[in-house]
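One structure is given here, and the rest of the page talks about it.
2 protein chains.
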Amino acid sequence: MSGELLNERAQHLLKVLVERFIRDGQPVGSRTLAKESGMALSPATIRNVMADLEELGLVAAPHTSAGRVPTVQGYRLFVDSLLSVQPLEARTLDSMERQIESQAEPQRILAGASSMLAELTAMAGVVMLPRRGDLSLRRLEFLPLSDTRVLVILVISDSEVQNRIIHTERRFSAAELQQAANYLNQALAGKRMGQLRETLLREMEEARQSMNRMMLEAIQMAEQTFADDEASGQGDFVLAGQTQLMDYAEMADMGRLRQLFDAFNQKRDLLQLLDRSLSAESMQIFIGSESGYGPLSDCSVIAAPYSVKGETLGVLGVIGPTRMNYQRVIPIVDVTAKLLGAALNPRQ
Amino acid sequence: MSGELLNERAQHLLKVLVERFIRDGQPVGSRTLAKESGMALSPATIRNVMADLEELGLVAAPHTSAGRVPTVQGYRLFVDSLLSVQPLEARTLDSMERQIESQAEPQRILAGASSMLAELTAMAGVVMLPRRGDLSLRRLEFLPLSDTRVLVILVISDSEVQNRIIHTERRFSAAELQQAANYLNQALAGKRMGQLRETLLREMEEARQSMNRMMLEAIQMAEQTFADDEASGQGDFVLAGQTQLMDYAEMADMGRLRQLFDAFNQKRDLLQLLDRSLSAESMQIFIGSESGYGPLSDCSVIAAPYSVKGETLGVLGVIGPTRMNYQRVIPIVDVTAKLLGAALNPRQ
DNA sequence: CTTAGCACTCGCGTTCTCGGAGTGCTAACA
DNA sequence: TGTTAGCACTCCGAGAACGCGAGTGCTAAG
Numbered sequence: 001m002s003g004e005l006l007n008e009r010a011q012h013l014l015k016v017l018v019e020r021f022i023r024d025g026q027p028v029g030s031r032t033l034a035k036e037s038g039m040a041l042s043p044a045t046i047r048n049v050m051a052d053l054e055e056l057g058l059v060a061a062p063h064t065s066a067g068r069v070p071t072v073q074g075y076r077l078f079v080d081s082l083l084s085v086q087p088l089e090a091r092t093l094d095s096m097e098r099q100i101e102s103q104a105e106p107q108r109i110l111a112g113a114s115s116m117l118a119e120l121t122a123m124a125g126v127v128m129l130p131r132r133g134d135l136s137l138r139r140l141e142f143l144p145l146s147d148t149r150v151l152v153i154l155v156i157s158d159s160e161v162q163n164r165i166i167h168t169e170r171r172f173s174a175a176e177l178q179q180a181a182n183y184l185n186q187a188l189a190g191k192r193m194g195q196l197r198e199t200l201l202r203e204m205e206e207a208r209q210s211m212n213r214m215m216l217e218a219i220q221m222a223e224q225t226f227a228d229d230e231a232s233g234q235g236d237f238v239l240a241g242q243t244q245l246m247d248y249a250e251m252a253d254m255g256r257l258r259q260l261f262d263a264f265n266q267k268r269d270l271l272q273l274l275d276r277s278l279s280a281e282s283m284q285i286f287i288g289s290e291s292g293y294g295p296l297s298d299c300s301v302i303a304a305p306y307s308v309k310g311e312t313l314g315v316l317g318v319i320g321p322t323r324m325n326y327q328r329v330i331p332i333v334d335v336t337a338k339l340l341g342a343a344l345n346p347r348q
Numbered sequence: 001m002s003g004e005l006l007n008e009r010a011q012h013l014l015k016v017l018v019e020r021f022i023r024d025g026q027p028v029g030s031r032t033l034a035k036e037s038g039m040a041l042s043p044a045t046i047r048n049v050m051a052d053l054e055e056l057g058l059v060a061a062p063h064t065s066a067g068r069v070p071t072v073q074g075y076r077l078f079v080d081s082l083l084s085v086q087p088l089e090a091r092t093l094d095s096m097e098r099q100i101e102s103q104a105e106p107q108r109i110l111a112g113a114s115s116m117l118a119e120l121t122a123m124a125g126v127v128m129l130p131r132r133g134d135l136s137l138r139r140l141e142f143l144p145l146s147d148t149r150v151l152v153i154l155v156i157s158d159s160e161v162q163n164r165i166i167h168t169e170r171r172f173s174a175a176e177l178q179q180a181a182n183y184l185n186q187a188l189a190g191k192r193m194g195q196l197r198e199t200l201l202r203e204m205e206e207a208r209q210s211m212n213r214m215m216l217e218a219i220q221m222a223e224q225t226f227a228d229d230e231a232s233g234q235g236d237f238v239l240a241g242q243t244q245l246m247d248y249a250e251m252a253d254m255g256r257l258r259q260l261f262d263a264f265n266q267k268r269d270l271l272q273l274l275d276r277s278l279s280a281e282s283m284q285i286f287i288g289s290e291s292g293y294g295p296l297s298d299c300s301v302i303a304a305p306y307s308v309k310g311e312t313l314g315v316l317g318v319i320g321p322t323r324m325n326y327q328r329v330i331p332i333v334d335v336t337a338k339l340l341g342a343a344l345n346p347r348q
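In order, the protein sequences belong to chains Y and V.
Residue numbers are given in our numbering: position 240 of the first sequence equals residue 240, and the series is strictly consecutive.
Residue numbers are given in our numbering: position 314 of the second sequence equals residue 314, and the series is strictly consecutive.
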C-alpha cells in the first residue's frame, strides 16, 4: 500500500466496483473488476487492492469466496467524491416540465411531482407538503352547524382551504358569527399561521381593556380553532410508487418490507427525516443506516428542498434500495425540486 | 352416496373441515377430520364422503396425498348455510363504541372506523366515503385569487368543505363575486350535488329571459365549478392496515401481493366492487375469485353498507385472505356498519 | 510492486433418498 | 347398503451428498 490513504487507482477501482454492483447486484470479483476497470491489471493485483479497501471498511465480502460489495461508507465515498452525474437528457426534462405544468391546483402539482419522481426512478417518490405554519392566513369564516357547533373555514395562502369544527359556549346567530369573523379577519388576515396565537394574545389584551364582549367571544373561538395547530397535523407528505419497491430483490424479506410500509403509513418518523433536509438548503443523501431509522436500513433516501422566491417550502425526494442508480436519480430529484418550485410560484 | 345431494353428515363434515382449515391453514386429512368431527366414524368413511364432496366441487386436494382444502364453492356453502356466527363479546362492543364516538369530525369518524376494522380483524379495513352526489350543497363562496382565477369554496352537507379553482372570462371584483355567490346560494343551497347541473340549466333559461348579465356570469362560474363533478372524484375510500396482510402466509408471493397493493392505490376497481354492495342493502361477501377481480383472487371481501336515517351513505368492510375467520369477522363488519351509521347521525 | 500459480473455501443448484401423511381401492363385516 | 380394516401406492418435503463455479489468500518469482 502506498503512503496516501487511498490512491488514484484504488479510488478508480472502488468507483468501478460500485457502478458494477449497482448495475447487477452481484458481488464483484477480482477477475470481473480487472476486465471492467480497463486498467491492465491482473486479478491478483486487484485482490490486493480489495484487501486494502476492505481494511478501510469501504467494501465487504458477504462470505469467503464471494466478490466484494460496497459498504455504507463505500457508497458514501462514491457519492461524495467519485460520482459523475450526467445531466438529464433534454427530452426527459421536456416531458417533466410539461407534466408538472399540466396541473393547476397546488395539491395536484405536489401529487404530480411525487408520481413523476416515482415513475422516472422506478422507486418511491415523496413530496412533503408545505408546512402551514409558514403560510399566511387569508381569510376565516364561521358557519353555524347544529346548536353550539360551528364550522370554521380557513383560506390559507393562495388557495388552500381547511375546515375545523369547534364547540362554542353558547349558541350564536349567523349574524353574530358574521360579525366575529369580520373582526377576526381584520385582525388576523395576512398573518402567518404560526404567529396567529401571539397576535390573538395581543388582541385579547386590547379587547379586555375596551370591554368588548363580542371581541372576546370571537377571540375565544379563534383560540379554539388554532389550538391544536401546533401539536397535530405538523406536516404531511404525498407518496407515490411505493409498490415499485417490491420489485427489488433486496426487498424480498417480507418482514423488513412490512416495516418499511408501516413506516410509510405512520409518516411521523419519515417526516422527521425529511425535516432534516428542510434546513439543509441543498440536496441530501441518506445511505442505508445513515438515516438512523431502522426500517430504512436497506434503503437510501435522496431529498432536496424546494422553494418559491427564495423561501423554502418543503422537501421532496425518492426512497429506494441502497443499490440505486445514484448518477441518474440525483439529477432527477434536483430538477424536480426546481421545477416544483417554479410551478408553485403563482404567476399571472 | 344417499339420495339427497348433500346430507346432514356431509354438511357437518364440510363445516368441520372448513373451520379446521381456517384455523391452521393445512390441508385436512381424513384421520384428523374423523377425530375433529366427533362423529364416531372411521377415516375410511370420511374418505368416501370427501370423494363425494370433491365430486361436487366443494373441496379439492392440492395433490394426491394431501388432505382436502375448501374450494371457493365450498367456502360459499359454508358461509351461506353452515356458518354459525357468534355475537360479539360485550366488552369488544363497548370498546368499539367508545372508539368510534371519540371522534367528532366525519372525516375522522370514517378513518377511525377503518382502522378499527383493521385492528379487530388483523386484516385490511376499508370505508368508502359518502358519495358527494347524494349530499346537499349548503353554501358556496367565491374568493378572488390573482387575475382571472377564482377560488370556490363549497360547504357540503353537515361539515364537509371542498374547494376548487376556476378560471373566469374576465376579472371580477370582490363585490361582484359576492353578488354572484349570493345569487347562486339562493338558487342552489339545499340542492343535492348530483342535481345541481339540472338546476343550473333551469336557472340559465330564466336568466336568459330576464337578460340578467350578472346571473348569467354567475351560472357560468357554477357550471365550471361542477363540471368535473360527475366524471372525476366519483368516490373515495380510506384504507387501514394494508400491511397486516403481509403477515398471512398465502400472501407470500411478492408478485400477487404487489398487484393487490397496486389495486389499493388505483382505487378505481375496488370502488366499483364496493359500489355493488351499496345497492345491496345488506352485508355482502365476495369469496376469492367471486369478486371477478384478478388481484383479489386470493382474498375475500366482506362489505356492508352503512346508513343514516335509513339512507345508505356508503359501504365499509374488510379485505383479507380467503382463509379468514368468517365467524368472527362477519359480526365485526356488521356492528361497525351500524355504529358508523349512528356516529354519523348529527345529534344535538 | 506486480503477477502467476495453487490450494482452499464457500455457496448454490442438483440429485437422491427416506419417511410420513394421506389417498383410493378392495374385501370383509354389520 | 353403508361402514370399516387393510394394503399398496403416491407425493411432498426435509436432509444429505455431491460437484461445480467463483473467488480468495498466500507464496514465490519476475
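In this text, a Cβ means the ideal position worked out from N, Cα and C, and glycines have one as well.
Because the structure is a prediction, the values reported are computed rather than measured.
Chain V contact residues for residue i, given Cβ-Cβ distances below 8 Å
i                : result
ARG258 (chain Y) : THR243, MET246, ASP247
Span separating the alpha-carbon of residue i from that of residue j
i                : j                : result
ARG213 (chain V) : SER136 (chain V) : 27 Å
HIS167 (chain Y) : ALA118 (chain Y) : 42 Å
ALA343 (chain V) : ASP236 (chain V) : 19 Å
LEU83 (chain V)  : MET246 (chain Y) : 37 Å
ALA337 (chain V) : MET96 (chain V)  : 11 Å
ARG328 (chain V) : GLY67 (chain V)  : 25 Å
GLU37 (chain Y)  : VAL16 (chain Y)  : Checking the sequence shown, residue 37 (chain Y) turns out to be Ser, not Glu. Spanning the two alpha carbons is a distance of roughly 6 Å.
SER277 (chain V) : LEU14 (chain V)  : 28 Å
GLY190 (chain Y) : LEU201 (chain V) : 38 Å
GLN266 (chain Y) : ALA304 (chain Y) : 21 Å
GLY314 (chain Y) : ARG108 (chain Y) : 15 Å
LEU33 (chain Y)  : CYS299 (chain V) : 47 Å
LEU93 (chain V)  : ILE100 (chain V) : 11 Å
GLY292 (chain Y) : GLY74 (chain Y)  : 17 Å
THR121 (chain Y) : ALA240 (chain Y) : 11 Å
GLU55 (chain V)  : ASP253 (chain V) : 29 Å
MET211 (chain V) : GLU217 (chain V) : 11 Å
Contact under 8 Å by Cβ, residue i with residue j
i                : j                : result
VAL238 (chain V) : ASN163 (chain Y) : no
ALA222 (chain Y) : MET215 (chain Y) : no
LEU351 (chain V) : MET50 (chain V)  : Here chain V has residues from 1 to 348 only, and residue 351 (chain V) is not among them.
ALA60 (chain Y)  : THR45 (chain Y)  : no
SER30 (chain V)  : ARG9 (chain V)   : no
Residue i classed as buried or exposed, judged by whether at least 16 other C-beta atoms fall within 10 angstroms
i                : result
VAL85 (chain V)  : exposed
ASP147 (chain V) : exposed
ARG20 (chain Y)  : buried
GLU89 (chain V)  : exposed
GLU203 (chain V) : buried
Residue i (DSSP reduced to helix, strand or coil)
i                : result
THR148 (chain Y) : coil
TYR326 (chain V) : helix
GLY74 (chain Y)  : helix
LEU88 (chain V)  : coil
ARG197 (chain V) : helix
ILE332 (chain V) : helix
TYR248 (chain V) : coil
GLU217 (chain V) : helix
ALA122 (chain V) : coil
THR243 (chain V) : helix
PHE172 (chain Y) : coil
ASN163 (chain Y) : strand
ARG20 (chain V)  : helix
SER37 (chain Y)  : helix
Per-residue contacts from residue i into chain V (C-beta, under 9 Å)
i                : result
ALA104 (chain Y) : ARG149, ILE165, HIS167
ASN212 (chain Y) : The premise fails here: ASN212 (chain Y) is roughly 26 Å from chain V at the closest Cβ pair, so nothing lies under 9 Å.
Beta-carbon neighbours of residue i, restricted to chain Y and to distances below 7 Å
i                : result
ALA61 (chain V)  : None at all; the shortest Cβ gap to chain Y is about 28 Å.
PHE261 (chain V) : THR243
ILE100 (chain V) : By Cβ distance, chain Y contributes nothing, its closest Cβ being about 17 Å from ILE100 (chain V), past 7 Å.
Listed by chain order, chain Y residues near residue i by CB distance under 9 Å
i                : result
MET254 (chain V) : MET246, ASP247, MET251, ALA252, MET254, LEU257
Contact list for residue i against chain Y, beta-carbon separation under 8 Å
i                : result
ASN182 (chain V) : None at all; the shortest Cβ gap to chain Y is about 13 Å.
ARG139 (chain V) : LEU143
Partners in chain V for residue i, counting only beta-carbon separations shorter than 7 Å
i                : result
VAL127 (chain Y) : The contacting residues do not exist; VAL127 (chain Y) stays about 16 Å from chain V at best.
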